[in-house]
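Counting along the sequence shown from 1, when you hit position 82 you're at 268 in the numbering used here, and nothing is skipped either side. Ideal placement from N, C-alpha and C gives every residue a C-beta, glycine not left out. As the structure is a computational prediction, the values presented were derived from the model and not from experiment. Read through the structure below, which is laid out as structure tokens, and then see the notes.
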Amino acid sequence: ASPGHAGVDFRAAFARLGVGNETFFQTLVPDALQLPFAAKLLAMSNTVDVIVAADGSDGQAELRRAYQQIALSTNVPVVPMGSPAQLPGAADVAVKMGAMRREALQPAVAGAAS
């Protein structure tokens, strides 16, 4: 989250979607322009299934391109969120993309149909 979203209750939004404390991680980044780098470090840690980048911008093209590049190079989806009003939708997309990533990266089960 960026400083502009410090008061937004991300944990509650994700809890409503079944994401518990043991699988939820939130941190603040000093400013929105540092979010792509922070997102890349987090993605490279291989400890997350999805990242919500709450950058406070509505459609800043450079940030969106950076998020897409991070997602494609690390195989970790980055879901942008511009305003607090977008949190329910961003949380929903994040949960769905995290599930899709986990399913896609699961080792194939022996004898399972492909």
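Exercise. Quick one: using the 10 Å Cβ neighbour count with 16 as the cut-off for buried, is G284 buried or exposed?
Key: Here residue 284 is taken as the residue at index 98 of the sequence shown, counted from 1. Looking at its Cβ environment, which holds 16 or more other Cβ atoms inside 10 Å, G284 is buried.
Practice problem: Would you give the residue range spanned by the beta strand (DSSP E) that A218 belongs to? | Solution: For the purposes of this step, residue 218 is identified with residue 32 of the sequence shown, where counting begins at 1. No beta strand (DSSP E) holds A218; DSSP gives it neither H nor E.
Quiz item: If you run the structure through DSSP and keep just helix, strand and coil, what is V281?
Solution: Here residue 281 refers to the residue found at position 95 of the sequence shown. Residue state, collapsed to three classes: helix.
Self-check item: Chain-order list of residues whose beta-carbon lies under 6 Å from that of A224 (same chain, five-residue window excluded)
Solution: Position 38 of the sequence shown holds residue 224. Around A224: V215.
Quiz item: Among V234, R288, P293 and R251, which residue has its Cα nearest to the Cα of T209?
Solution: Looking up residue 209 in the sequence shown gives position 23. Among V234, R288, P293 and R251, the Cα nearest to that of T209 belongs to V234.
Quiz prompt | Integer Cβ distance of Y253 from P222, believed to fall under 8 Å | solution = The residue you call residue 253 lines up with position 67 of the sequence shown. The residue you call residue 222 lines up with position 36 of the sequence shown. Right, the Cβ-Cβ distance comes to about 7 Å (below 8 Å), so this counts as a contact.
Exercise. Count the other C-beta atoms from every protein chain shown that fall within 10 angstroms of the C-beta of T260, then say buried if there are 16 or more, exposed otherwise.
Key: In the sequence shown, counting from the first residue as 1, residue 260 sits at position 74. Per the 10 Å Cβ criterion, buried.
Quiz prompt | Proximity to A229 [Cα-Cα], best of V262, A290, T213 and V238 | solution = Residue numbering aside, residue 229 sits at position 43 when the sequence shown is read from its first letter. Minimum Cα distance to A229 is reached at V262.
Exercise. Measure from the alpha carbon of M286 to the alpha carbon of each residue in V264, I256 and P270, then state which is nearest.
Key: Residue mapping note: residue 286 aligns to position 100 of the sequence shown, counting from 1. The residue with the shortest Cα to Cα distance from M286 is V264.
Exercise. Compare the C-alpha of V238 against each of Q292, N232, V279 and N207 and name the closest.
Key: In the sequence shown, the residue the question calls residue 238 occupies position 52. Nearest C-alpha to V238: V279.
Exercise. My understanding is that A277 touches L227, with C-beta atoms under 8 Å, so please give their C-beta distance in whole angstroms.
Key: Along the sequence shown, one-based indexing puts residue 277 at 91. Along the sequence shown, one-based indexing puts residue 227 at 41. About 22 Å separates the two Cβ atoms, so there is no contact after all.
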